[in-house]
Amino acid sequence: MVPCAPIIFIIILITLQCSVLTLLHSRSNIRSRKAIVILFEGILKMKLELTETETEILNYLWDNGEWTSAAEFWIYFNENGRPSKRQTVNTFLTRMTDKGLLVKHDKKYMYALSRKEYEQELAKEVLSEMFDGSLKKFLSSLTGNQKITECEAEDLKKYIDDLA
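So the sequence shown is numbered by this note's numbering: it starts at -9 and just counts up by one.
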């Protein structure tokens, strides 16, 4: 069985590729533009549930892919224009571990979810919280209940056929 999250992101990309710029620049599609803005505000709000520091810690780990100690994070922050006390860094790491974002082993930390897994979980949350888990409601909101283009329909058909 294929998880829903990758489907959502591919549908988003296909739909965006074919129509979002047209919708955003078209005066006759104000309802569609509003739907897109609301959708992306919801996505951003959910993503922003992570603080700036939490996001920076995850990005650091995702980019480096190595177990990292609190001391190494402290050095990183202080060398990159974010002076921090050791206790502050430890507090962030502890809270992120408690939230299930990080895993701790021998005083070092690693992300609990890869960047892709995090994005998939975020997509599931968006689908669940904003669209009652319905891909149909999601697409309806994204397109403003308007018909999709031939390009969009073909891309979606190809994607669905590839899943079968």
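Ideal Cβ placement from N, Cα and C applies to all residues, glycine included.
Just so it is clear, the structure is predicted and the values come from calculations on it, not from any experiment.
Asked                                                                                    : Found
Same chain, Cβ closer than 8 Å to ALA61, neighbours up to 5 away in sequence not counted : ARG76
Exposed unless 16 or more other CB atoms sit within 10 angstroms - verdict on GLU144     : exposed
Per DSSP, the bridge partner or partners of VAL93                                        : MET100
Separation of SER131 from ARG85, as counted between CA atoms                             : 35 Å
Inter-residue Cα distance where the pair is LEU48 and TYR101                             : 7 Å
Alpha-carbon spacing of GLU39 relative to THR45, whole angstroms                         : 10 Å
Pair within 8 Å by beta-carbon distance, TRP64 and HIS95                                 : no
Buried versus exposed, by CB contacts within 10 Å (16 or more), ALA154                   : exposed
Backbone CA spacing between LYS127 and ARG72 [nearest angstrom]                          : 42 Å
Check: LEU117 C-beta below 7 Å from any heavy atom of the ligand FAD                     : The ligand FAD is absent from the structure shown, which contains no ligand whatsoever.
Cβ-Cβ distance between LYS98 and SER74 below 8 Å                                         : no
Under the three-state DSSP convention, the category THR12 falls into                     : Low local confidence applies: a pLDDT of 44 at THR12 is under 50, so the model's placement there is unreliable, and no value is given.
Beta carbon of LEU103 nearer than 8 Å to that of GLU111                                  : yes
Where SER59 sits in the DSSP three-state scheme                                          : strand
Straight-line gap, ARG105 to LEU51 (C-alpha atoms, nearest Å)                            : 10 Å
For LEU92 and ASN54, the rounded distance between their alpha carbons                    : 14 Å
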